[in-house]
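Colleague: Have a look at this one.
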Amino acid sequence: MLSSLAFAVALANRGVAQVAALLAYSIAIDFFVAGLLISTLCWWLSNTYLRLDIASTHTIEQKVEWLYAFDVHCNSYFLVYLILYVVQYLLLPIVLLDGYLATTLANSLYLAAVAAYFYSTFRGYEVLPFLEKTERFLFPAIGAVVAFLVLLPFNVNMSSLMMGFYFS
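In terms of the numbering used here, the sequence shown opens at residue 190 and continues consecutively.
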């Protein structure tokens, strides 16, 4: 919440009501709604496709609980928060410049945030002994690398896009 307020003060010439709406949006949508959707998807995928199939009369069926999936999201989101809310804020004067160096730095921050999120998610599910092939949680990071490579030659700066989305 503090970082959203810092972004609002640094980038927006808005009233108190608009800053409060931005804070509510960033907390409600960016964290909770996205978290609910991603946690539910990961919970469903892990219980549907990644559980070991051990049929024995001496075992108890184990499943991933939804709250565990949400906890994994919260832990993973902390890394995104640090990279995109704290580090990006400190680098705003650089990443909002025109040019390929600024674009490379800005897009590298987003790539690092997405890769860290999915790596942390992978690690959260990897520790469960009744799941197999949890490395599949790393696959979306490949899409982030592809997006990085596609956007870079066209000088599409993700920081500029996101700041325009939130503050225009």
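We put the CB at the ideal spot given by N, CA and C, even for glycine.
Thinking residue 262 and residue 218 are a contact (beta carbons under 8 angstroms), I'd like their distance in whole angstroms, please.
Modeller: Contact between residue 262 and residue 218 is ruled out by a C-beta separation of about 14 angstroms, above the 8 angstroms threshold.
Colleague: Taking all protein chains shown into account, decide if residue 232 is buried (16 or more other Cβ within 10 angstroms of its Cβ) or exposed.
Modeller: buried
Colleague: For residue 194, which residues of its own chain have a beta-carbon under 8 angstroms away from its beta-carbon, when the five flanking residues on both sides are left out?
Modeller: The answer, listed in chain order, is 208 and 212.
Colleague: Among the residues of its own chain, which have a CB less than 8 angstroms from the CB of residue 294, if the five just before and after it don't count?
Modeller: Excluding residues up to 5 positions away in sequence, 280, 283 and 284 lie with their Cβ nearer than 8 angstroms to the Cβ of residue 294 in the same chain.
Colleague: Taking only runs of the alpha helix (DSSP H) that begin and end inside the region 265 to 305, which ones reach a length of at least 4 residues, in chain order?
Modeller: 281 to 284
Colleague: I need the DSSP call for residue 320, collapsed to helix, strand or coil.
Modeller: Taken through DSSP and simplified to helix, strand or coil, residue 320 comes out as strand.
Colleague: Of all the alpha helix (DSSP H) runs that stay within the bounds of the region 202 to 265, which reach a length of 4 or more residues?
Modeller: Runs found: 205 to 214 and 223 to 238.
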